[in-house]
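Residue numbers (this note's numbering): 60 to 164.
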């Protein structure tokens, strides 16, 4: 085959694979767009934590997958734990909240 024809076939194959397999961040997880949406939700929740005097934004981790926010880490009181969950639930775009925060004085 001629080099130009081989290059054209290779380019067509790459383009076909890219469009048919989708752009997944990791295998069987989510698309790049969904990943960016989840990262935005995580940032919104963390910002609310940082602005709230009750919640320690440094002691509570926030992870988001497909709109579901998972909270983990340690709270100094049950009030802090409940406030963190409330702030996360009130964040626009959050589908569900999983509160795995442990209370540790």
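Heads up, the beta-carbon is just placed ideally off N, CA and C, and yes, glycines get one too. Predicted, not measured: the structure shown is a model, and the values here were computed from it.
Open item on the list: Buried or exposed, going by whether 16 or more other CB atoms sit within 10 Å of the CB of residue 40?
Closed with: Since the displayed the chain opens at 60 and closes at 164, residue 40 lies outside it and no answer follows.
Task: Own chain, CB closer than 6 Å to residue 144, minus 5 neighbours either side, in chain order - done: As a first step, residue 144 must be located in the chain shown, where it is residue number 85. So the list reads 156 and 158, once near-sequence residues are dropped.
Task: Proximity winner among 135, 146, 128 and 153, relative to residue 109 (alpha-carbon distances) - done: Translated into positions along the chain shown, residue 109 becomes position 50. Here the closest residue by C-alpha is 146.
Open item on the list: Between which two residues does the beta strand (DSSP E) holding residue 161 run?
Closed with: Residue mapping note: residue 161 aligns to position 102 of the chain shown, counting from 1. Where residue 161 is concerned, the enclosing beta strand (DSSP E) stretches over 155-162.
Open item on the list: I need the DSSP call for residue 132, collapsed to helix, strand or coil.
Closed with: Sequence index remark: in the chain shown, residue 132 carries index 73 (1-based). Strand, per DSSP.
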